[in-house]
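Protein chains in written order, with our numbering: chain A, 280 to 485; chain B, 280 to 485.
Glycine residues also receive a C-beta, built at the ideal position from the N, C-alpha and C atoms.
Let me begin by presenting the structure, written as structure tokens, before commenting on it.
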């Protein structure tokens, strides 16, 4: 794509196409859409991005994105502060919150260990997690990272650091998704679901 | 998606997901990307959108997007101002400009007639085109709209308005794409390409 009819459009296309998954053609389509709409649409979009980036805070306890220094979850006295769920990023927090099945608090790592992408343990919020387990009354740590090599590596790294502390370390259950048919399940998942079978009573939805 | 950890993020996700082809999950991914990058990335993006929407102009001659009242193409005295190519939007101008095969000027309709989307002839820049043909020395009009029902309808509508004026009305050639194999071409295109066959000498690339 060359010969932009306007430097203003060219600048916006270049900025938009720096976003993941958006190429120059998509960016151009988005710009033309914004130009066709009322001015207020583009203004709201531009301003909301500027405002978000300028005023965003991170919870000083769990590193969740927040509008204040302590996120709503960590500030909630009704939640169990001795139960910490370790997740990769804020989308995982939102996904777990939507299940309404978790009453503890979170700890956001900010990623997983990935040598290919150059992310080591020191790039993640691991040190502060260890401090928390040392200094606070933590009863259980639930590892809820992706089942990828990177996620498993990170799980194991944290497990090694924590295993000598008096804290239960668990991981979320891996198994056949609710509604899935057995014959289409991959053998690793099916195998794990047999090894880690649970009492039938526990499978009943309360 | 509910339970956003931050109203600021929620606002940006809502604005981004108003763009065509971007849903809430993609919008969230884009926001997290912007938050991970240096602040300058989000600032450039937000400001470029605001600046574009505020300062954009449309060429008063051809309705192309422009940084000034007359676009670069219309302002170029070396182009043939008696040869007008009619296109739907600015992306078509860019596509044709990239071929470097057209030396005339453009007229941007701003869409095509589409009863389903509620776009009638009065919503397009057709009236001013007729004025141009009436008042200026226009030699040829090239119709370069999409080969859709809407494009063909628009072509025919404009043809009817212009056919009594002393101007050549042509359309871009429809045929088998360069590099395509005949057996995979649809029969309408193949049929048209036989009816509208050209002298062999004309097919040689100059």
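Partners in chain A for residue i, counting only beta-carbon separations shorter than 9 Å
| i | result |
| --- | --- |
| residue 303 of chain B | Residues of chain A passing the Cβ test: none, with the nearest at roughly 11 Å. |
| residue 350 of chain B | 284 and 285 |
| residue 495 of chain B | In this structure chain B extends from 280 to 485, so residue 495 of chain B is not present and cannot be described. |
Residues sharing a beta bridge with residue i, DSSP
| i | result |
| --- | --- |
| residue 419 of chain B | B/362 and B/447 |
| residue 345 of chain A | A/336 |
| residue 385 of chain B | B/364 |
| residue 398 of chain B | B/393 |
Contact set between residue i and chain B, taken where Cβ atoms lie within less than 7 Å
| i | result |
| --- | --- |
| residue 312 of chain A | 298 and 299 |
| residue 294 of chain A | 323, 324 and 327 |
Spatially closest choice to residue i from the options, by CA coordinates
| i | options | result |
| --- | --- | --- |
| residue 368 of chain A | A/387, A/356 and A/352 | A/387 |
| residue 453 of chain A | A/470, A/446 and A/352 | A/470 |
| residue 366 of chain B | B/297, B/430 and B/298 | B/430 |
| residue 390 of chain B | B/424, B/483 and B/344 | B/424 |
| residue 373 of chain B | A/289, A/465 and A/466 | A/289 |
| residue 343 of chain B | A/332, A/461 and A/282 | A/282 |
| residue 393 of chain A | A/404, A/428, A/364 and A/411 | A/428 |
| residue 489 of chain A | A/465, A/357 and A/455 | With chain A covering only 280 through 485, there is no way to say anything about residue 489 of chain A. |
| residue 422 of chain A | A/411, A/412 and A/438 | A/438 |
| residue 446 of chain A | A/317, A/348, A/414 and A/334 | A/414 |
| residue 341 of chain B | B/440, B/331 and B/384 | B/384 |
| residue 331 of chain B | A/297, A/362, A/483 and A/293 | A/293 |
| residue 320 of chain A | B/333, B/320, B/418 and B/347 | B/333 |
| residue 286 of chain A | B/345, B/435 and B/297 | B/345 |
| residue 338 of chain A | A/362, A/416, A/465 and A/404 | A/404 |
| residue 348 of chain A | B/284, B/318, B/361 and B/410 | B/284 |
| residue 298 of chain B | A/302, A/316, A/303 and A/299 | A/316 |
| residue 360 of chain A | A/420, A/335, A/461 and A/406 | A/420 |
| residue 434 of chain A | A/450, A/444 and A/443 | A/450 |
| residue 412 of chain A | A/395, A/426, A/443 and A/396 | A/443 |
| residue 486 of chain A | A/460, A/480, A/440 and A/363 | The question about residue 486 of chain A has no answer, for chain A in this structure spans 280 to 485. |
| residue 418 of chain A | A/396, A/472, A/291 and A/448 | A/448 |
| residue 416 of chain B | B/472, B/318 and B/362 | B/362 |
| residue 406 of chain A | A/436, A/432 and A/396 | A/436 |
| residue 370 of chain B | A/460, A/479, A/303 and A/480 | A/303 |
| residue 483 of chain B | B/358, B/466 and B/457 | B/457 |
| residue 432 of chain A | A/460, A/468, A/467 and A/395 | A/395 |
Proximal chain B residues relative to residue i, where beta-carbon distance stays under 8 Å
| i | result |
| --- | --- |
| residue 343 of chain A | 284 |
| residue 335 of chain A | 285, 287, 288 and 314 |
Within chain B, the residues that residue i reaches when beta carbons sit closer than 9 Å
| i | result |
| --- | --- |
| residue 291 of chain A | 324, 327, 328, 330, 331 and 332 |
| residue 307 of chain A | 369, 370 and 373 |
Proximal residues of chain A, C-beta to C-beta of residue i below 8 Å
| i | result |
| --- | --- |
| residue 354 of chain B | Going along chain A, no residue has its Cβ under 8 Å from residue 354 of chain B, so there is no contact; the nearest lies around 12 Å. |
| residue 368 of chain B | 311 |
| residue 318 of chain B | 332 and 333 |
Chain A contact residues for residue i, given Cβ-Cβ distances below 7 Å
| i | result |
| --- | --- |
| residue 346 of chain B | 285, 286 and 287 |
**Study point:** Residues, ordered as in the chain, of the stretch 384-405 of chain A that lie near chain E by beta-carbon distance below 8 Å
**Key:** Chain labels in this structure do not include chain E; the protein chains are A and B.
Practice item. For the stretch 345-353 of chain A and the stretch 320-333 of chain A, state whether three or more C-beta atom pairs, one from each stretch, are separated by less than 8 Å. Key: no
Point to revise | Inter-stretch contact at 8 Å, needing at least 3 Cβ pairs: the stretch 394-414 of chain A / the stretch 376-383 of chain A | key: no
Review point. Counting Cβ pairs, one atom from each stretch, are 3 or more of them under 8 Å apart for the stretch 304-319 of chain A and the stretch 303-321 of chain B?
Key: no
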